[in-house]
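Residue numbers (my numbering): 9 to 238.
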């Protein structure tokens with residue numbers, strides 16, 4: 009395999025996706041067909057596909073009718089990327105928090121406009137289900153689900169996917185901080201009350217209030233759980 013052949017294959021597949029000729033869930037030609045079309049080796053095509061798989065752009069599955077396809081969703085890929093950048097200290101927790109504030113304010117305002125009553129009722133039931141949960145790991149999962157649900161109600165897939173990605177990136181350090189807290193119960197009750205307030209604001213279709221409550225909720229939790237982080 010030559011670098012030129014690999015670059016040719018990678019550039020071709022990327023261009024086809026960007027041009028819309030390979031849309032989400034579209035099946036790619038097999039390695040032999042691509043290699044013949046591009047005048048390069050099958051190993052070059054294979055390595056280009058592996059790079060796009062690692063980025064979450066392409067998926068491969070065995071079985072009838074499956075094969076190698078363009079990924080239907082980029083949310084998991086964003087999450088993996090952010091987690092690596094956080095682990096390498098390329099993105100700080102403070103930066104992630106500021107980004108969360110921007111995203112979740114926008115999500116709350118949009119949810120107040122676009123969410124239907126049934127979806128808001130489901131959100132309320134999710135918040136209520138957390139009341140009896142004292143285990144930090146399970147509470148953290150439901151807390152993530154609550155915020156992701158709001159992001160999903162705003163009819164903006166990028167906000168939803170970025171919210172999921174950021175939550176995945178900070179899940180481990182937040183959980184570790186919660187497990188070390190001597191006054192976890194007090195924080196748990198505070199978070200529950202804040203969730204209820206956000207839900208009430210959304211149900212009242214008050215996007216500005218919901219956005220302000222989301223911001224206060226995020227910043228308050230950050231100060232308590234990750235003091236002095238950068």
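All residues carry an ideal CB built from backbone N, CA and C; glycine is no exception.
Residue 43 sits away from residue 78, with the two beta carbons spaced by 7 Å or more. As a beta-bridge residue in DSSP terms, residue 66 pairs with 78.
Where residue 164 is concerned, there is no enclosing alpha helix (DSSP H), because DSSP gives it neither an H nor an E.
Excluding the 5 residues flanking it on each side, residue 183 has same chain C-beta neighbours closer than 7 Å at 144, 145, 148, in chain order. Fewer than three beta-carbon pairs drawn from the region 119 to 127 and the region 175 to 189 are found closer than 8 Å, and the two stretches are therefore not classed as touching. Within its own chain, the residues whose Cβ lies closer than 7 Å to the Cβ of residue 56, once the five positions on either side in sequence are excluded, are 14, 17, 18, 21, listed in chain order.
In this structure, residue 156 lies near residue 172, with their beta-carbon atoms less than 7 Å apart.
Residue range 101 to 122 is occupied by the alpha helix (DSSP H) that includes residue 110. Look at residue 35 here: in three-state DSSP terms it is strand.
It is roughly 14 Å from the alpha-carbon of residue 47 to the alpha-carbon of residue 37. For residue 204, the enclosing alpha helix (DSSP H) begins and ends at 192 to 211. Rounded to whole angstroms, the gap between the alpha carbons of residue 63 and residue 32 is 14 Å.
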